[in-house]
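Letter 199 of the sequence shown, counting from 1, is numbered 198 in numbering that gives the first Met the number 0, and no numbers are missing. Inspection log for the structure reproduced underneath, given as structure tokens.
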Amino acid sequence: MIKKDLKNRLGTSILLLIILFNVYKFDFILILSLFIFGVASLLEFFSISKKIFKKNFSKTILNIFFTLYVFLFCIIFFIFSNFLQLKIILFILLLSCIASDIGGFVFGKIFKGPKLISVSPNKTIAGSIGSFIFTASIFSITIFYYRADFNLEIIIISLITSLACQLGDLFFSLLKRMAKIKNTGKIFPGHGGVLDRLDSIYFGIPIGFISFIILY
């Protein structure tokens, strides 16, 4: 069962990387991807909030807030992608967020150890450390490749980005726990739903970008 899950996860990861490459190269695919993943995120979130909140007012307020957040995220991502330097930074941060997820998964599976927090039983301290290491590595390597630069600020930005990714992951894990579900969906074999893949990105990219502007 574990081997099957790993195969599904690997296959899905390869597919997502292919999509990511085409998103970077072609504006049409970028727009289409932002629309599809944005709408899918909202639908999954609405499903979660419906399970959590019995009162329509609380549910409506949360849904409106998240809708505005996703809308602004997608619009700003698209606008910034029209400027080469900003586009490079965005996609470096995107790769760093992906690296954070991979690092957490790999280190968590290999080293196991103490749990990080009760909200997400599968998260371990080792996994958190792996997230920091993978993010710092990918962020530093890609920044050095494009700018031939490496300094303490770059490391700090990568750690802030990884922390934001992990907080995003934990936030949606809390919502899923409150809704009594394991995954937000089943669209990605071995990964779950769209929000299961984008939870860290929705936090990591904005916070990482802001920290990049301030510190670098």
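By construction, the Cβ of each residue, glycine as well, lies at the ideal position given by its N, Cα and C atoms. Since we're looking at a predicted model, the values are computed, not measured.
Quick one: is residue i buried, meaning 16 or more other Cβ sit within 10 Å of its Cβ, or exposed?
i, result
"M0", "Unreliable positioning characterises M0 in this predicted model, as indicated by a pLDDT of 45, which lies under 50. A coordinate reading is not provided."
"Q165", "buried"
"K24", "exposed"
"F202", "buried"
"F44", "buried"
"L115", "buried"
"D148", "exposed"
"K54", "exposed"
"K185", "exposed"
"L92", "buried"
Compare the Cα-Cα distances from residue i to each of the options and report the closest residue.
i, options, result
"F133", "L33, S161, D26", "S161"
"F90", "A163, S210, I142, I159", "I142"
"T183", "N81, I101, I47, I18", "I47"
"I63", "F208, L33, L41", "L41"
"F208", "I88, Y144, G167", "I88"
"F170", "I17, Q84, L67, K122", "K122"
If we call anything under 7 Å between Cβ atoms a contact, is residue i one with residue j?
i, j, result
"L173", "V118", "yes"
"I124", "P113", "yes"
"A135", "I154", "yes"
"I51", "A163", "no"
"F138", "S95", "yes"
"S130", "G107", "no"
"C73", "L33", "yes"
Do you know offhand how far residue i's Cα is from residue j's?
i, j, result
"L15", "K58", "31 Å"
"R146", "I200", "23 Å"
"L71", "L194", "16 Å"
"Y215", "I30", "29 Å"
"I156", "I204", "11 Å"
"I28", "F77", "11 Å"
"A39", "R196", "11 Å"
"K175", "N81", "35 Å"
"I109", "Y144", "30 Å"
"F79", "G192", "26 Å"
"F56", "T66", "15 Å"
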